[in-house]
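Heads up, the thing below is written out as structure tokens.
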Amino acid sequence: MNADTAETRDDRAAVFEEHRSVLTGVAYRMLGRVADAEDVVQEAWLRWSAEGREDVRTPRAFLVTITTRLAIDRLRHVQSRREAYVGPWLPEPYGTDFGAGAPDTAERAVLADSVSLAVLVVLESLSPLERAVFVLREAFGFPYGEIAAVLDRTEPAVRQLAGRARRHVEERKPRYEVDPAQQRDLTERFLAAAAGGDLAELLSLLAPGVRLVGDGGGKVRLALRVVEGADKVARFLLGVAKKAVPGTELRLTELNGGPALLTLVDGKPDSAFQLDVADGRIQCIYIMRNPDKLTGISRP
């Protein structure tokens, strides 16, 4: 009889599912794409499910090592493609609106391990190794010794990478605490003002130096450069609202752990808006319209 019994395969599957949320969190933070993260986790599963894994003493460390190394390889590959990307490149928004019935298991773990879109944007500027160290250390609390084993580096080298990554992120991430209630309130008011064509109200919500960053990937019409300044951003948004397809549905939802605005056409996501808020004003607006990056919203 084959030693790889159904019971053994079921045991492997159970162990993998126990750690899936962590692996998904690592892969998504590393890659900023839901589809890429899912591919990496699937590849990790294929390697884990191969024969001869029963002797692994610490499955979590083994699986995180596989996932991180696969993510580093994929990130190095996709970074070259991003250099030729049309317009600004934004991480793919990840739907975290599980509703009142959200369980306390995998989905909750993924939600807790998510990061804001603003921080994911900053992580894009790190090298693959710096990003891996930052994610494992800052997001998941891995000891330096374990990270060194995952990356096959010395602990002093990992500490140096961690320090460099941390400084880089601190210099570039938003320098303010986000008030979730205020962020949701401004998102709702932003929706009402934009949908109602209220320029004065929209201007009152925007910081003078507000920035609008849109990702259409060259597949839909969207500004190919960052739009800056309250007046330019407000008029751009009202122009977008006027061109909305009849029957467009507007929905408040949650993406990457924060309130967001989703527009749907024929029931399918067309645009996702997320706001950076500070001091009672909107500091930055991220718009995702690349259809390839909107599919993950419906499958958190």
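In the working numbering, each residue's number is its place in the sequence shown (first place is 1) plus 14. We treat Cβ as the ideally placed atom computed from N, Cα and C, and that holds for glycine. Keep in mind it's a predicted model, so treat the numbers as computed, not measured.
>> Buried or exposed for Gln-93, going by 16 or more other Cβ atoms inside 10 Å?
In response: exposed
> How big is the Cα-Cα spacing for Arg-181 and Ile-161?
Replying inline: 18 Å
> Comparing alpha-carbon positions, which option in Ile-86, Ala-214 and Leu-269 lies nearest Asp-13?
Replying inline: Lying before the first or after the last residue shown, residue 13 is absent from the chain, which here runs from 15 to 314.
> Cβ atoms of Ala-209 and Glu-215: under 8 Å apart, would you say?
Replying inline: no
> Are Ala-221 and Gln-297 touching if we call contact CB-CB under 8 Å?
Replying inline: yes
> In angstroms, rounded to a whole number, what distance separates the CA positions of Tyr-108 and Thr-168?
Replying inline: 34 Å
> Which of helix, strand or coil does DSSP assign to Tyr-158?
Replying inline: helix
> What is the rounded straight-line gap between the Cα of Glu-57 and the Cα of Phe-204?
Replying inline: 41 Å
> Excluding sequence positions up to five away, which residues of its chain have a Cβ less than 6 Å from the Cβ of Trp-103?
Replying inline: Arg-96
>> Using 8 Å for Cβ pairs, my map puts Val-78 next to Pro-105. What's the rounded Cβ distance?
In response: Contact flag wrong, Cβ pair sits at about 21 Å.
>> Which of the three DSSP states is assigned to Ala-8 in this structure?
In response: Nothing about residue 8 can be reported from this structure: the residues present for the chain run from 15 to 314 only.
> Going straight from the alpha carbon of Arg-151 to that of Pro-157, what length do you get?
Replying inline: 7 Å
> Would you say Lys-336 and Asn-304 are within 8 Å of each other, going by their C-beta atoms?
Replying inline: Residue 336 is absent from the structure shown; the chain starts at 15 and stops at 314.
> When the Cα atoms are used, what is the spatial distance from Glu-32 to Ala-255?
Replying inline: 44 Å
>> On the CB-based measure, 16 or more other CB atoms within 10 Å of its CB, does Val-100 come out buried or exposed?
In response: exposed
>> Tell me whether the segment 269–282 and the segment 192–202 touch, counting them as touching only if at least three CB pairs, one residue from each stretch, are closer than 8 Å.
In response: yes
> What is the DSSP secondary structure of Ala-27, counted as helix, strand or coil?
Replying inline: helix
>> For the alpha helix (DSSP H) containing Lys-4, name the first residue and the last one.
In response: With the chain covering 15 to 314 only, the question about residue 4 has no answer from this structure.
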